[in-house]
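For the first sequence, the working numbering assigns the number 350 to the initial residue and increments by one for each residue that follows.
What follows is one structure encoded as structure tokens, with my remarks underneath.
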Amino acid sequence: MDLKSSINLPKTSFPMKANLPQNEPKTLARWEEMGLYHRIRQARKGAKQYVLHDGPPYANGPIHLGHALNKCLKDFVVKSKNMAGFDAPYIPGWDCHGLPIEIKVDQKLGGKKLQMQPLDVRLECRKYAKKFLDLQREQFKRIGVVGRFEKPYSTMTPEYESVVLATFYNFFEKGFVYKGLRPVYWCMHDRTALAEAEVEYETHTSPTVWVKYKLQSDPRTIDPALADARIHKDKPVFTIIWTTTPWTLPASLAVAFHPDEEYVALEATDGIYIVAEKLAKNVAAKCGFPDAPVIASFPGRLMENTWFYHPFLPWERRKVLGVVADYVTMDTGTGVVHTAPSHGAEDFATGVRYKLDPTCEVDSAGRIQNGLPEYDGLLVFKANPVIIELLKSRGALLHEEKVEHSYPHCWRCHNPVIFRATEQWFISMETPMGGGTFRTRALEEIKKVKWDPAWGEERISNMVDTRPDWCISRQRVWGVPIAVFVCTECKKPLNDPAVNKKVVDLFATKGADAWYTREADTLANGAKCPCGGGSFQREADILDVWFESGCSYLVEVEHEANYPWPSDLYLEGGDQYRGWFMSSLLCSIGAKGSTPYKSVATPGWTLDEQGRAMSKSRGNDVDPADIANRLGGEIVRLWVASVDFREDVVGSENLMQRIAENYRAVRNNLFKNCLGNLYDFTADKAVPFEQMPAIDQYILRLTAEVAADVARWYEEFAFHKIYQRVNHFCTVELSAFYADIVKDRLYTYAPNSLGRRSAQTALWRICEAMVRLLAPIMSFTCDEVWQYLGAIQAREESVHLAKFPSAADVLGSSSVSTEDAQQLQEWTTLRSVRDQVLKALEEARNQKQIGKSLEAQVKLIASDAMYPVLERHRDELRYLFIVSQVTLEKSPSGNGTNPLTVEVSKADGQKCDRCWNYSVHVGEDKEYPTVCERCSAVLNEWSLAGKA
RNA sequence: GCAGGAUUAGCUCGAAGGUCGAGCCCGCGAUCGAUAAUCGCGAGGUGUUGGUUCGAUUCCAACAUCCUGCACCA
């Protein structure tokens, strides 16, 4: 008889090699065909809801690893919630409007754009956004993300745009909105405001001048020494400013000093000059009084609220105020900064603090208006030399140089740009609201949210607390227009709810494009401006895209049946504290009075192996689509699960390879091993827990513990703990321990024996538990395993329709206690004994005493404490150690130093040809002369069964 | 500059005021009945400098390096 054919070797068509890149698309097709997402919705209908609201990625390129991290995490959350029994929908979204796309389209269109109608430009932008929405959608699906992809939300649809506009009107009608000045980058050539992203820094040669401003105030208020010098020697007091933009001097309204830096007064022949101490030497040298002595020294704050004469404008027309500002630096210039509120962001802020007039006297073409005859009407750069001459003629110019520095230029026409204060729309953070202000309400709402990690609360609170009013207007085309009519008489915006309602309705049917058609004009027909005017113009500005995306959950609640308010979770990168988390909070408080999210989770940034931020331009990026194509989408998912996403995460080719190795361990040690040994098993053959050998009970209790941990970790979003624990379970507990030991029973026992069926039952229950527990992460593989498990017991069509296992599922009965402290204690001891035995076997192996462990026998000499446990499991020990014989002895009492001694020697008897154990009984059975007593029993039973 | 975060084995992680630990990687070996698998053994670590403490990788302070967001370059 062929002994080998009497062995129950594992058998399965579940391939060791996953071939993920080839097989995953087939799985995706199957999910698509069965309508998996909607089947899950159906299956959970009526259950408690859990809504993760998707933050919309920007549709302007293929996905990067950060996107993959983000979407996989969300997929883990959504799938695990569904499997925990919640009704957890997932509607992905895209952010489609905004500057980056408009810039790309601009580049494509070139000069043509300036001749095109807004509607045509918008159509081009729409096509561009759609292209990348479609691409990203396919890429997200490819890495196994399941959601309502056929009907996502997108910020460029009529239903979305109309809610955005309605939300804006809500702010507008309640008095949150005002128009005001703000400095922006301005291209004189193209006559347009530029965004930061449209500014390129190029080298530019500028004149640079040192200009003196004469003090008008009484110098004694600053320092008596100044007064003494002045009175005794009749010298005027000056300060000196330094600038590279002489054309801004007509707008000079203040000179700024650093409050805490030390300033000195230098006595030159023609006057006394106040400059920063740290720069005094340099300034004095340049300005022609290198040896002027210091006659006074004082902190800059004493200069606050002093007055100076303007270098060329008369006192009646211009008074220059001394101010203090923290941004004044001591590395270049004079330590005194000329301040023109209409021509710089910091200057503007200073202007606000000191109530300086920010009116801009430079028009959209870059010409100075309302100036002195010398420079009136000149383009700013043309005005530079003229103003320098003017300074000279007034005796205000101390020094002049040319300087090469990097200066902002227009990305399109490459002309230098200027800063210019322009009219913009704002939402005031100080709008009165609910007993406080918009800002204080926002701060209160922040406290109601669970921030994860916890520092998020402090971070966003700081930002909301200090942020300026929200500038919501952009001089752009690709977005939702600020659809307001402006009175042609008084230039004031019309705020008529009836008209507003009509515009929203129009947007709801025809989209925001309708604003750019004649039809829009008719909406204001019959309306009256409070000034009496009845003719209106359409406002051309569009809304900040953050305002749009901030409305996303308002849109969902408006359009999805029974969506809860607020949502359960927002999950986005740390850059969204200032972005989407904030804009969503503000829009929702404005519209509904409360936060749109119960909790917010924040993954870290994706870095390369050197810890540098990943970026395409740097070339250190890992492309998730490429990994999916070469290694499998499952590997991307597993990588996401492996890292602690709350910190910055590292991604690299190397790491992905590592993950792929780990994947194989789970696939083989867990799934293939289980399936291979279950080929002749069905659910009705399962052995009840009470009848199982101790080790089978032990491994099932261990599995139940893992199941409980994993379920808890899903709730905590601690996916990396799941990854680590499952890995450990598969390799150490299951493969190296249980599976290795139980092989003997599975292979050599009679197929239907209790021992074999029990081991199969254990493997089956482990497999059933793990396939469910891992499904949210290893979505492809678990679904694949699921198909194989169908042969054992009927089940749902996809694992993603199933629920997580309970302890009773794992143990096979609800009457079995989950924990057995004594059993656990015993097995901890047994495993540590096993470790010592394995060590001893290795030594014997190194000394060439044995090869495989079955060639050995082991003698254990145990202390009084250890002995009873070993005694109780005496008959199992040889299987536990995978040796042929074990003898157990008590160590002589009194010798308490060594709890256990292990002695290894060659096994007695001969090797059984069938089970490879050594036995002194080999040859006793005449029928099967090369076989041990265990195998002969099996074989006899077998032939008996054969006869019957 | 402001705000927030990080630093533990080659990599990814976990724990904790009391000899840190896991998996992977690596080295050596076993096996060839889970075989492009499986098993065993081994090697290897708390950023720097101070402080609190009997004891600090953990608590505190400073420094360094890195990451994110914001501001700024007159």
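Every residue, glycine too, gets a C-beta built ideally from N, C-alpha and C.
For F1086, there is no enclosing alpha helix (DSSP H), as DSSP marks it with neither H nor E. A contact between stretches requires three or more CB pairs, one per stretch, nearer than 8 Å, and the region 671 to 686 meets this requirement with the region 647 to 654.
For K751, the enclosing beta strand (DSSP E) begins and ends at L746 to C759. Annotation: I1008 is outside any beta strand (DSSP E); the continuous alpha helix (DSSP H) that includes it extends over E1002 to A1014.
In the three-state DSSP reduction, T1167 falls in the coil class, being neither helix nor strand. Per DSSP, E611 is one residue of the beta strand (DSSP E) stretching across E611 to E616. Between E983 and Y1012, the C-beta spacing is below 8 Å.
Minimum Cα-Cα distance from L484 among the listed residues P449, T541, R961 and Y407 corresponds to Y407. Judged by DSSP secondary structure, C836 falls outside any alpha helix (DSSP H) and instead within the beta strand (DSSP E) spanning F834 to C836. The DSSP assignment places complete alpha helix (DSSP H) segments of no fewer than 4 residues inside the region 353 to 417 at 369 to 383 and 385 to 392, in order along the chain. Under the three-state reduction of DSSP, H553 is assigned to strand. Here N874 is exposed, its C-beta having fewer than 16 other C-beta atoms within 10 Å. A straight-line Cα-Cα distance of about 29 Å links T858 and R390. About 34 Å separates the beta carbons of G684 and H763, which is beyond the 8 Å limit, so they are not a contact pair. For T1052 against R1114, the beta-carbon gap comes to about 7 Å, under 8 Å, which counts as contact. Bounds of the alpha helix (DSSP H) holding F1068 are F1068 to H1077. Contact holds between the region 589 to 604 and the region 722 to 736, because three or more Cβ pairs, one in each stretch, are under 8 Å apart. Fully enclosed beta strand (DSSP E) runs of no fewer than 3 residues occupy 586 to 592 and 603 to 606 of the region 565 to 610, in order along the chain. One alpha carbon belongs to P441, the other to P501, and they sit about 5 Å apart. In the three-state scheme derived from DSSP, where H, G and I count as helix and E and B as strand, R1105 is classed as helix. In the DSSP assignment, S916 falls within the beta strand (DSSP E) that extends over S916 to L920.
Around the beta-carbon of G744, fewer than 16 other beta-carbon atoms lie within 10 Å, marking it exposed. M782 is bridged by DSSP to G785. If you compare the alpha carbons of Y946, C880, E868 and T871 with that of V906, the shortest gap goes to Y946. As computed with DSSP, W535 is found in a beta bridge with A542 and I767. In chain order, P842 and E888 place their CB closer than 6 Å to the CB of V833, counting only its own chain and leaving out the 5 sequence neighbours on each side. Classified as exposed, A847 has fewer than 16 neighbouring CB atoms from the shown chains inside 10 Å of its CB.
Sequence-distant partners of R1121 (beyond 5 residues in either direction) whose C-beta falls short of 6 Å from its own C-beta, in its chain, are A1151, F1153 and P1154. Under the DSSP assignment, D854 falls outside any beta strand (DSSP E), being part of the alpha helix (DSSP H) whose first and last residues are P846 to K859. DSSP lists A614 as the bridge partner or partners of A645.
The DSSP assignment places 787 to 797 and 804 to 815 as complete runs of the alpha helix (DSSP H) inside the region 787 to 842, in order along the chain (cut-off: 4 residues). Under the three-state reduction of DSSP output, Y1137 falls in the helix class.
Bridge pairing for I736: absent [DSSP].
Going by C-alpha positions, D801 is about 17 Å away from P915. For the alpha helix (DSSP H) assignment, the uninterrupted runs of no fewer than 4 residues enclosed by the region 1217 to 1278 are, from N- to C-terminal side, 1226 to 1230.
The region 377 to 390 makes no contact with the region 1035 to 1050: fewer than 3 CB pairs, one atom from each, lie closer than 8 Å.
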